[in-house]
Amino acid sequence: MRLSHVLLAVVALASLGFEWEGRLSRLRRDLADADPARRREVVRLLASYPASDVREPILSALGDPDAGVRAEAAEAAGTVRLREAVPRLLDWIDDPDADVRASAARALGRIGEERAVSSLVRALGDVSADVRKAAVEALAAVGTAEVVVPLLGRLDDVDSSVRVDAAEALGRLRDARAVVPLVGRARDDAPEVRVAVYGALGDLGDARGLPALLQGLRDGAESAQLAAVAAAGRLGAEAAVEPLVALWNEPDPRRARAVVAALGGIGGEAALDAVVRSLARHQTRDVAAEVLASMAREGGRDEVVGALASALDQAASHQHATAIAEVMRDIARGAESADAEAALLRATRTGTGAPAAVLIALAEMGSADVLVPILERLRSEDRPTQQAALTALEAYFARHPADGRAADPLLAVLGRVDRADRLRVVRLLGNVGAARALPELRPLLEHDDPALRLAAVEAIGSIGDAEGAPVLLELLDDRDARTRFEAAQALETAASPGAVTTLVTRLGRREPLDRHAVALALGGALDRLRERGELPDDAARAAREALAAVAGGPDEGLAARAVDALGRWGDPSVAPVLVSLLDHPAATRRRAAAHALGAVDAGSAREALRAAAAGRDVALAAAAAASLGDNGEASDAARLLEVARSRPWPASAAASFGVARLARRGLLDAAGSHAGLCRAARSRDPYVRANIATAMAALEAPPCPDGPAPADWLGPRHAAPVRAAAARWLAAAARAGSVDAARARDLLSRCVRTETAPEVAGACEDPSMPPLEEVADVYAYSADGERLRANALVALRFADGSAWVAHTDVLGHLRLERAPTGRLVLDDPVSTPLDP
66 MRLSHVLLAV VALASLGFEW EGRLSRLRRD LADADPARRR EVVRLLASYP ASDVREPILS
126 ALGDPDAGVR AEAAEAAGTV RLREAVPRLL DWIDDPDADV RASAARALGR IGEERAVSSL
186 VRALGDVSAD VRKAAVEALA AVGTAEVVVP LLGRLDDVDS SVRVDAAEAL GRLRDARAVV
246 PLVGRARDDA PEVRVAVYGA LGDLGDARGL PALLQGLRDG AESAQLAAVA AAGRLGAEAA
306 VEPLVALWNE PDPRRARAVV AALGGIGGEA ALDAVVRSLA RHQTRDVAAE VLASMAREGG
366 RDEVVGALAS ALDQAASHQH ATAIAEVMRD IARGAESADA EAALLRATRT GTGAPAAVLI
426 ALAEMGSADV LVPILERLRS EDRPTQQAAL TALEAYFARH PADGRAADPL LAVLGRVDRA
486 DRLRVVRLLG NVGAARALPE LRPLLEHDDP ALRLAAVEAI GSIGDAEGAP VLLELLDDRD
546 ARTRFEAAQA LETAASPGAV TTLVTRLGRR EPLDRHAVAL ALGGALDRLR ERGELPDDAA
606 RAAREALAAV AGGPDEGLAA RAVDALGRWG DPSVAPVLVS LLDHPAATRR RAAAHALGAV
666 DAGSAREALR AAAAGRDVAL AAAAAASLGD NGEASDAARL LEVARSRPWP ASAAASFGVA
726 RLARRGLLDA AGSHAGLCRA ARSRDPYVRA NIATAMAALE APPCPDGPAP ADWLGPRHAA
786 PVRAAAARWL AAAARAGSVD AARARDLLSR CVRTETAPEV AGACEDPSMP PLEEVADVYA
846 YSADGERLRA NALVALRFAD GSAWVAHTDV LGHLRLERAP TGRLVLDDPV STPLDP
C-alpha cells in the first residue's frame, strides 16, 4: 500500500527547548543569591537535571540557612535519587522544622534507601500529621516486607488523612497481612478512609476482602459506594456479579456506569452477559461498549464476539441491536466467527438493528464470504440501506484485497446514485481492480465535475489501464493541479513503454507544461515497468539521460523532482548519475541525491554513501547514514553505530535510524551489536533513543548491563517517541526471556490504562512490529498547514517506533521505500527537548 501525497504538519513536542550551554552554570551561581525565594526556585529547577550534573549544588543547598531552601533541596535530592544526600536526610528526620522533616522523609522514600526504614518508622509517631503522612509515603516507596506492620499501625491514626495514606500504601504493597486489618477499618467513621480501604482491598485481590466490599456496595456515602463498586471489579470475584447488577436500578446513572466497568474487571460468563445486556440501557451504553472492547483486547475477543452474537437474536430493542452491532464492528476485525457472521446475516434479513451498523460489522469480519450478502444490499431501493452497503464495502476493501465480484453490482448502481454516492462508487471500482470497469470509467476522465474526474483518475490508476494512458497523458495538462498530480500517479500503473517515450519527450520540451507532473509520472512508470521486466533498453537509456539532464539543471525544484524519480526508479544504472550529484555545489542537491541512493541496489551506491557518511559535511553525512540503513549491508552496522555515538547531531540521529532499519531488515547480529547499541543508547537525544529501542525490539535484545532497560524508558519523564519504542523493546525482551514476562505484562497493561499519549498507549496495547510494506511519500507542512517546509530539518516518526531525522528537499518532500505500515507523525526536532 502506498501512502501517496501524505501531507503532514510539523508537531513540536511540548518542551522548553534544548538545554543551552551555560544554563546549569548560571543556576549554580544563583544559589548564592541573597533572596531565599530565588534560591528555592533554583533548587526546583536543578531537580530537572540528571543527578550526575547537579550533585554538588544540591548537596550545597542542603546546608542552606533558610529552612525553605533546605526543604526544596531535600525534594530535589529525592527527585534525582541522590544517594550521597542520605546521611544528611537521616539527620533531618529530627529537624526542628516540620516541613524539613517531611521533605527529608519523602526524599528518603524516593531514593529507596532501605537504611532509612528505622528512622522512617520512628517518624510515624511524629507530632505533625504532615510528617507522619510523608513517612507513610516513604515507607511504601521503600516497599520491603518489614514496612508493612508499622504501616498497619497507622490505620488507627487520629488524623483521617494519615489513615487514608496508610490504607492506600498497604494496597500498593499488596501484602496479604494487610487484608484483615483493612477489613476492620471498613466501618471507619470518615468516608474518605472507607474509600481508601475499599480501594486497597480491591488492589490486594484477596477473597477475604469480599464481604467488606459487598457491605460497601450499600455504603451511604456516594464516594465510598463507588469506590466499593470499583474495588469489587478489581477483586475479580464472580460472587459480586449479582449484587453489582442489583445496583442498576438505582436512580443515579453514575452508579450504573461504575457497575458496568466493575463487571468488565470481574470477567467470566455471567459478568460478560450482564455487560452485553447493559448495552440496552442508554445510561450505560457507552461505558458498556468501552468495557467490551477492553475485554476483547485483553484476550477474550472470541468470547466477547460470541456473547454479542448470541445476544443479537434476542436484542431487547432496535437500539439494543444497533449497539450490539456497533460493538461487534469495533472489535470483530478479523475474528472469522461463524456464529457472529450467521447472527449478523440474520439481522440483515430481518431488519434487526440499523443497516449501517449491521453491514459494517459484517464487513469487518475476517471471512471473504460476507462480500456477497453486502453486495445484495447494494441493490436495495432504500437509500439508507444502499448507503450503508457502500460504507460496508469501503470498510471491507480497507482490509481485504481487490475482488472482482463487486464490479458488476457497483457498475449497476453507478448511474442510479446521486453525485456524492457516485464518487464513492467510482472509488470502490478502483478498489475492486476489475478491468471490465474501465469502459465506464474512461468517459469520466472528461467529465465537467472536477471531483468526479479526479475520482476516475484515481480508480484507473488503481486498476492499471494501458488503454487509458493517452487520456491520462492529456490530463497532465489539466488546469487543476490536483488532477495533474493524480494523473501522474495513475500513470505509474497505466504507462506502457510507449507512454514512457512520450513522457521523456515532454520532459525535454521548453513550452509551458507541468514538467513536475511529467517527472513524477516518469519515476513511477519506470519503477513499475522495471519490476515487470517490460522496459526496453533504449527507453531506459533515453529516460536516464533526460532525468540526468534535469537533475543537474538550474531549476532547483524540478531537479529535486528528477532526483526523486531516479531514486524511485531504483535501477542500478542510475547510480553514477546520483553519485555524481553528491559533489554538486548546492547542498540541497547533494542531500537529495544521498536520499535517492538509498533505493539503488548497487555496490557503487553503497560505497559512495559510506564515504559521504564519514565526510565533513554533517547534513550530507546524516542523509547518507540514513540511506545506508536501507541500502547497506551487515558490515555497515558498526560504521553506523560509531556515527550515532560520535558524530554531531543530526548525523547521530540519522545514523541511529539507519541502525534501526538494518535491524528491521534482519542484518544486525544481536550478540555482536548489543554493546554498540548500549553505548549509543547513552545519548539524551530522544530520536536516537527511540531508534536504538526499535533496533533492540527487532533483535529481541536484552536490557543493557549498565542500563538502560526498556522499563526505564517507559517512565513519564521520557519523550513520547522513546516511551513508544521502549514498549516494543520491553515486549520483545519478555518474549526472549531476558526480562520477567509477568512484570512486563503488568507494566504494559498499566501503560494502556494510564498513558495519555495515544501513540504510546497503542504501542503498549499492541507492541508487535508492523511490517515494512508501505511507501512513505510525504510533503511536510508547517503547523499552520499552509506553508511547505522546504529544505527543513524534520523528524518523521513511523509506526514501529523509529524516527528519521532528515532534511526535506526544496519541495518539502521526503520518500522512504519499505516503510512500516501505520501512522506517520512529523516533529520539529529542533524544538524537541533532550531526554533526562
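In the working numbering, the protein residues as written are 66 to 901. Every residue, glycine too, gets a C-beta built ideally from N, C-alpha and C. Computed from a predicted model, the values in this text were never measured in an experiment.
Is the beta carbon of residue i sitting closer than 8 Å to the one on residue j?
| i | j | result |
| --- | --- | --- |
| L282 | V244 | no |
| L540 | A552 | yes |
| A855 | V825 | no |
| L705 | G694 | yes |
| L155 | S184 | yes |
| A295 | G267 | yes |
| A188 | D164 | no |
| R749 | D900 | yes |
| D579 | D542 | yes |
| C829 | E820 | yes |
| A630 | V569 | no |
| R710 | A745 | yes |
| A719 | A691 | yes |
| L337 | V369 | yes |
| A760 | L742 | yes |
At what residues does the beta strand (DSSP E) containing residue i begin and finish?
| i | result |
| --- | --- |
| D473 | Note, D473: premise wrong, no beta strand (DSSP E); alpha helix (DSSP H) at A472 to L479. |
| L891 | V890 to D892 |
Going by DSSP, which residues form a beta bridge with residue i?
| i | result |
| --- | --- |
| H878 | Y844 |
| V859 | A871 |
| A884 | E839 |
| L853 | Y846 |
How many Å lie between residue i and residue j at the Cα?
| i | j | result |
| --- | --- | --- |
| L328 | V497 | 43 Å |
| I439 | A428 | 8 Å |
| G902 | P768 | Shown here, the chain extends from 66 to 901; a query on residue 902 therefore has no answer. |
| V227 | A807 | 32 Å |
| A251 | V260 | 9 Å |
| A210 | L92 | 40 Å |
| V628 | L612 | 8 Å |
| T873 | S527 | 28 Å |
| R571 | R606 | 16 Å |
| R67 | V840 | Only weak support exists for where R67 lies, its pLDDT of 42 falling under 50; the coordinates are left without a value. |
| D849 | D620 | 27 Å |
| A132 | A141 | 14 Å |
| A407 | L436 | 13 Å |
| A555 | A716 | 36 Å |
| L664 | R654 | First, the amino acid is wrong: residue 664 is Ala here, not Leu. Computed Cα separation, rounded: 16 Å. |
| A426 | A397 | 7 Å |
| V683 | W869 | 15 Å |
| A59 | D224 | What the structure shows of the chain is the stretch from 66 to 901, and residue 59 is not part of that stretch, so it cannot be assessed. |
| R464 | A116 | 50 Å |
| L81 | P898 | Because L81 sits at a pLDDT of 33, beneath the cut-off of 50, its placement in the model cannot be relied upon, and the following sentence gives the value as read from the coordinates. Cα to Cα, L81 sits roughly 7 Å from P898. |
Alpha helix (DSSP H) containing residue i: first to last residue?
| i | result |
| --- | --- |
| Y752 | P751 to L764 |
| Q290 | E287 to L300 |
| A625 | E621 to W634 |
| R492 | R484 to V497 |
| C829 | P823 to E830 |
| E307 | V306 to V310 |
| Y461 | R448 to F462 |
| M393 | H383 to I396 |
| A102 | P101 to L111 |
| S184 | V182 to A188 |
| R362 | Here R362 belongs to no alpha helix (DSSP H), and DSSP marks it neither H nor E. |
| E406 | A403 to T415 |
| C769 | Run containing C769: none; DSSP gives neither H nor E here. |
| A142 | A132 to V145 |
| L279 | L275 to G281 |
| R808 | A806 to T819 |
| I425 | P420 to E429 |
4-residue-minimum alpha helix (DSSP H) runs that sit fully inside the stretch 548-614, ordered along the chain: Complete alpha helix (DSSP H) runs here, min 4: 562-572 and 580-597.
May I have a chain-ordered list of the alpha helix (DSSP H) segments no shorter than 4 residues that lie completely inside the stretch 209-264? Counting only runs that start and end inside the stretch 209-264, the alpha helix (DSSP H) elements of at least 4 residues fall at 213-218, 225-238 and 244-249.
### Task
Could you pull out every unbroken alpha helix (DSSP H) segment of at least 4 residues lying fully inside the stretch 651-718, listed in chain order?
Within the stretch 651-718, the complete alpha helix (DSSP H) segments of 4 residues or longer fall at 652-662, 668-678, 683-696 and 701-711, listed in chain order.
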